[in-house]
Every structure is written in C-alpha cells, then in structure tokens.
Amino acid sequence: MFQAFHDLLNGEGTTMESNWKEMKEAVTSTCHEVLGHKEHHHKEWITVDTLNKTQERRNKKAAVNTSRTRAEKTKAQAEYTEVSEQVRRSIRTDKSKYVEGLAMTAEKAAREGNIRQLYDITKKLPVNRRKAERPMK
1 MFQAFHDLLN GEGTTMESNW KEMKEAVTST CHEVLGHKEH HHKEWITVDT LNKTQERRNK
61 KAAVNTSRTR AEKTKAQAEY TEVSEQVRRS IRTDKSKYVE GLAMTAEKAA REGNIRQLYD
121 ITKKLPVNRR KAERPMK
C-alpha cells in the first residue's frame, strides 16, 4: 500500500481526478488483500434456494434503481414485486419446515426422557414476544 502511495506522489502531470482514482484503487485493493471479503452468516433454517432468490431480488431492485424511463421503471418494479413475494413465501416455508423439524425432535426427546435436549430445542424455537399492553385509564 505504501508503495502505491509512493508511486502516486512521484507521478507528475496527473490530474486530481486520476490521483483520486488511483488512491481509491490502492486502498480498496489493499483492504481486500488484507481483510478479505466479509462473509454473511445466514440463519441456519434458510435454504440455498431462498438465498438465491434473495440475490435475484437484489438484482431486480438494482434494475429498478437504474431504470431511465417511466415505462422501464414500472416494468422493473412489477418484476421486483413478483420476485419479492416469492422470497417472502420461500422464507415462510423454510421457517415452518425448520420449526416443524424442531418440534419433531422435541417430541422424540420428550418420549425418550432427554430433558437436556428438550430444553435446548425449546430455546431455539422462535417466540413471538409482544410488548405488554398498558391498561386503560
């Protein structure tokens, strides 16, 4: 990285814009070499198919944002809405399958009398927690 900065400073006859681009490239390339690309840790119950659909949804959203005319934008928005609904449906089915699998395992653990495993499974189960409603005055 320091070598890249040194080369930038010694370059004569360059514009400010080219200096900025070279400086930015030097910093980003060094960061990618040293740090690497950030890996996202997804929930264990989300399937690969759903992750692919979410990537497709991101691409459709980018198409909506980069569309130039109103007609293109409405078409891209309709495609995005359709894909987004598919993603929501897929996530719902993935989560219900995951919870169903946990319930089956919990029932098996309860039948066998394995209380430790039963406790661990109940801690994994999603709980819909709502805020306590205040009484009316």
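For the sequence shown, the working numbering assigns the number 1 to the initial residue and increments by one for each residue that follows. Each residue gets a CB set at the ideal place from its N, CA and C atoms; glycine is no exception.
Residue 115 and residue 86 have their C-alpha atoms roughly 38 Å apart.
The region 43-54 makes contact with the region 87-104: 3 or more CB pairs, one atom from each, lie closer than 8 Å. Excluding five sequence positions before and after residue 41, none of the CB atoms of its chain fall closer than 8 Å to its own CB. A Cβ-Cβ distance of about 43 Å is found for the pair residue 83 and residue 112, leaving them out of contact under the 8 Å criterion. Counting only the Cα atoms, residue 78 lies some 40 Å from residue 121.
Secondary structure of residue 29 (DSSP, three-state): helix. Per DSSP, the continuous alpha helix (DSSP H) segment holding residue 121 begins and ends at 115-124.
Taking C-beta atoms as the reference points, residue 102 and residue 109 fail to come closer than 8 Å. Taking the CA atoms as reference points, residue 123 sits about 11 Å from residue 106. With fewer than 16 other Cβ atoms inside 10 Å of its own Cβ, residue 24 counts as exposed. Put simply, the backbone Cα of residue 35 is about 22 Å away from that of residue 20.
If you look at residue 83, you'll find it in the alpha helix (DSSP H) that goes 70-112. Within the model, the alpha-carbon separation for residue 62 versus residue 135 is close to 46 Å.
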